[in-house]
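2 protein chains.
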Amino acid sequence: MARAKTAKPYHHGELREALVSAGRKLLEEKGVRGFTLRECARRASVSHAAPAHHFASIDDLLAEIATRGYHELTAAMSAEARRSGSDPAARLVGQGVGYMAFAAANPVLFQLMFSREANRFEAPALAEAAKSAYHLHREAVEAVIPQASGEVKERMVDFAWAAVHGFITLVLEGQLGERDSSRALKARGLAALSAMVEAVVRAGGEP
Amino acid sequence: MARAKTAKPYHHGELREALVSAGRKLLEEKGVRGFTLRECARRASVSHAAPAHHFASIDDLLAEIATRGYHELTAAMSAEARRSGSDPAARLVGQGVGYMAFAAANPVLFQLMFSREANRFEAPALAEAAKSAYHLHREAVEAVIPQASGEVKERMVDFAWAAVHGFITLVLEGQLGERDSSRALKARGLAALSAMVEAVVRAGGEP
DNA sequence: CTTCTAATCTTTACACTGCCAAGTCTCGGC
DNA sequence: GCCGAGACTTGGCAGTGTAAAGATTAGAAG
Chain A
779 MARAKTAKPY
789 HHGELREALV
799 SAGRKLLEEK
809 GVRGFTLREC
819 ARRASVSHAA
829 PAHHFASIDD
839 LLAEIATRGY
849 HELTAAMSAE
859 ARRSGSDPAA
869 RLVGQGVGYM
879 AFAAANPVLF
889 QLMFSREANR
899 FEAPALAEAA
909 KSAYHLHREA
919 VEAVIPQASG
929 EVKERMVDFA
939 WAAVHGFITL
949 VLEGQLGERD
959 SSRALKARGL
969 AALSAMVEAV
979 VRAGGEP
Chain B
779 MARAKTAKPY
789 HHGELREALV
799 SAGRKLLEEK
809 GVRGFTLREC
819 ARRASVSHAA
829 PAHHFASIDD
839 LLAEIATRGY
849 HELTAAMSAE
859 ARRSGSDPAA
869 RLVGQGVGYM
879 AFAAANPVLF
889 QLMFSREANR
899 FEAPALAEAA
909 KSAYHLHREA
919 VEAVIPQASG
929 EVKERMVDFA
939 WAAVHGFITL
949 VLEGQLGERD
959 SSRALKARGL
969 AALSAMVEAV
979 VRAGGEP
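From first to last, the protein sequence lines stand for chains A and B.
When we follow the working numbering, the leftmost residue of the first sequence carries the number 779, and every step to the right adds one.
When we follow the working numbering, the leftmost residue of the second sequence carries the number 779, and every step to the right adds one.
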């Protein structure tokens with residue numbers, strides 16, 4: 779029988795993408811505990827069992843969302859680093875700015891990415907995506923202290939990441955006093971980044 | 779009618795405590811998403827609706843668990859600081875050790891305490907408990923750099939906490955390479971703490 | 001163009017969840 | 001002894017994840 783043009787087709791066509799996109803919004807709105815497969819399906823205008831053909835389980839969808847988050851995070855970091863010129867220290871600060879901007883724009887996703895919930899469903903693609911972000915950071919730190927020993931470099935890579943990541947985590951959760959986390963990041967983020975880079979330079983320059 | 783001694787009494791007696799205790803274990807076992815009110819009730823050998831008389835909702839129970847987590851965290855920090863003697867720098871390192879030990883022993887709870895999920899609870903007692911941990915830390919940092927300006931102190935309080943917190947978060951999630959997070963914390967935790975204190979002392983000593 | 005297969009989506013079903021309402025039991029004060 | 005107030009249970013409802021089976025369609029094979 780002929781179907782009216784406005785009727786929705788039986789096959790969605792890009793359901794996988796639609797689910798990831800809807801899921802991401804839902805995640806930011808309701809948090810990890812409020813995240814629901816059926817609601818994702820609803821927002822994609824599809825039956826509640828449709829997602830099963832694209833994701834084995836709800837954790838599978840969350841893993842995919844987290845993986846894309848890492849890709850976006852990596853992109854944000856390297857884009858901001860590129861904008862910061864060629865000075866290694868400036869580039870490291872730039873990467874940090876990109877890191878913060880992503881976290882501020884996707885706070886719940888950011889926490890999911892760095893939570894046990896994410897790594898639990900062992901997804902190789904997720905681990906891979908996380909690793910590439912790590913390597914980007916490692917190179918940026920090592921470029922700032924090229925003359926330092928391997929041991930010191932190792933420590934400074936950890937230290938720099940920890941300082942930035944910890945700062946963001948605490949701000950996002952409102953632990954550092956400020957109510958508006960986005961404003962707080964802008965206001966104090968650069969100071970935190972500067973302190974971090976300064977500490978790295980000092981530790982790396984004087985053995 | 780007379781009841782055998784072995785039969786369980788109709789009134790539990792300490793159900794609230796039992797639920798908190800069971801819930802805490804369940805949380806570490808299954809994660810935030812696997813946490814279930816009915817399973818808590820089951821583990822306390824009680825009907826599924828019993829918890830309602832002690833906690834208004836599942837978030838209420840989670841908030842209570844998180845609140846106690848903060849109390850324990852504060853206790854662990856100050857106990858370890860006390861063990862570290864009177865030198866401010868040593869005490870600050872000690873507090874960090876206590877912080878790390880708590881996080882390593884209760885990784886899921888730790889993440890819950892510092893997650894956006896916890897902010898949705900809107901529990902005054904939770905906020906209060908978090909604040910007291912913050913003040914403990916603030917005092918320890920300020921004691922290391924008593925001559926610094928208020929502005930610098932402020933920044934270093936944030937910086938020190940961020941560095942420690944970030945380090946733990948990354949280790950717990952396995953981002954820093956190591957598989958065994960407990961081992962990684964012991965192996966590299968002290969180095970991270972030393973780097974942090976050193977940076978604070980330098981920034982506070984030279985205006 | 002027809003046919004057939006595989007992929008996509010829907011319907012139905014089941015065990016589970018949080019929470020609400022209405023009962024049952026037991027303790028503590030009168 | 002009684003009786004009210006809590007503490008707890010049973011039963012029920014809407015919502016969840018996911019498994020099974022049927023409906024629909026796209027796209028290849030003929």
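Using N, Cα and C, we set each Cβ at its ideal position, and we do this for glycine too.
Keep in mind the model is a prediction, meaning the values are calculated, not measured.
Taking buried to mean at least 16 other C-beta atoms within 10 Å of its own C-beta, is R781 (chain A) buried or exposed?
Per-residue confidence for R781 (chain A) stands at a pLDDT of 38, beneath the threshold of 50, marking its modelled position as unreliable; no derived number is given.
What residues in the segment 895 to 921 of chain A have a beta carbon less than 7 Å from any beta carbon of chain B?
E895, N897, R898, A908, Y912
What first and last residue would you give for the alpha helix (DSSP H) that runs through L904 (chain A)?
902 to 922
Given this structure, state the Cα-to-Cα distance separating K783 (chain A) from S823 (chain B), to the nearest angstrom.
Summary for K783 (chain A): the model assigns pLDDT 43, below 50, so the residue's position carries little reliability; its value from the coordinates is reported in the next sentence. Cα to Cα, K783 (chain A) sits roughly 58 Å from S823 (chain B).
Can you find a CB in chain B that lies within less than 8 Å of the CB of D936 (chain A)?
yes
Put V824 (chain B) into one of helix, strand or coil per three-state DSSP.
coil
Give the straight-line distance between the Cα atoms of A903 (chain A) and A896 (chain A), rounded to the nearest whole angstrom.
Those two C-alpha atoms are separated by around 12 Å.
From this set, B:V798, B:A882, B:A918, which residue's C-alpha is nearest A844 (chain B)'s C-alpha?
B:V798
Which residues in chain A sit within 7 Å of T947 (chain B), going by Cβ to Cβ distance?
F892, H943, G944, T947
Chain B within 8 Å of G967 (chain A), Cβ atoms only
Closer than 8 Å to the CB of G967 (chain A) there is not a single CB belonging to chain B.
Using a Cβ cut-off of 8 Å (strictly closer), state whether L950 (chain A) contacts chain B.
Yes, contact with chain B.
Is the CB of G809 (chain A) under 8 Å away from at least one CB in chain B?
yes
I'd like to know whether the C-beta atoms of G983 (chain B) and I923 (chain B) end up nearer to each other than 8 Å.
yes
Cα-Cα, which of B:F892, B:S835, B:L950, B:A859 is closest to V919 (chain B)?
B:A859
Would you call the segment 954 to 966 of chain B and the segment 954 to 973 of chain A touching, i.e. three or more CB-CB distances under 8 Å?
no
Cβ of P902 (chain A) versus every heavy atom of the ligand FMN: is any distance shorter than 7 Å?
The ligand content of the structure shown is nil, which means the ligand FMN is not present either.
Closer than 7 Å at the beta carbon, the chain A residues around V886 (chain B):
Result: R894.
Give every residue of the same chain whose Cβ lies closer than 8 Å to the Cβ of C818 (chain A), excluding the five residues on either side of it in the sequence, and list them in chain order.
Here the set comprises L797, A800, G801, L804, P829, L839.
For R811 (chain B), which option in B:L890, B:K909, B:E929 has the closest C-alpha, if you only look at C-alpha atoms?
For R811 (chain B), the nearest C-alpha among the options comes from B:L890.
When you compare only the Cα positions, how much space is there between V1047 (chain A) and A940 (chain B)?
Nothing about residue 1047 (chain A) can be read from this structure; chain A reaches only from 779 to 985.
Cβ-Cβ distance between V886 (chain A) and G809 (chain A) below 8 Å
Yes; because the gap between Cβ atoms is below 8 Å, this pair is in contact.
Are there 16 or more other CB atoms within 10 angstroms of the CB of E807 (chain A), so buried, or fewer, so exposed?
exposed
Looking at chain A, is there any beta carbon in it that lies within less than 8 Å of the beta carbon of L954 (chain B)?
yes
Flag this pair as yes or no: are the beta carbons of A973 (chain B) and A981 (chain A) separated by less than 8 Å?
yes
Chain A partners of R933 (chain B), CB-CB under 9 Å?
R966, A969, A970, A973
Mind pulling the chain B residues with CB within less than 8 Å of Q925 (chain A)?
Per Cβ cutoff of 8 Å: no residues; Q925 (chain A) is ~18 Å from chain B at best.
Just the Cα atoms here: how many angstroms apart are V949 (chain A) and L793 (chain B)?
Roughly 36 Å between the two C-alpha positions.
With a threshold of 8 Å on Cβ separation, who are the neighbours of S825 (chain A) within its own chain once the five nearest residues in sequence on each side are excluded?
A819
Does any residue of chain B bring its CB to less than 8 Å from the CB of Q873 (chain A)?
Not a single C-beta of chain B is nearer than 8 Å to the C-beta of Q873 (chain A).
Between D837 (chain B) and F892 (chain B), is the Cβ-Cβ spacing less than 8 Å?
no
Using C-beta distances below 6 Å, list every residue in its chain close to A986 (chain B), excluding the 5 sequence neighbours before and after it, in chain order.
Outside the shown range of chain B (779 to 985) lies residue 986 (chain B), about which nothing can therefore be said.
What are the boundary residues of the alpha helix (DSSP H) that Q889 (chain B) is part of?
885 to 891
Give the C-beta separation of F937 (chain A) and A970 (chain B) to the nearest angstrom, bearing in mind that I take them to be a contact with Cβ-Cβ under 8 Å.
Taking the Cβ atoms as the reference, F937 (chain A) lies roughly 6 Å from A970 (chain B), within the contact range of under 8 Å.
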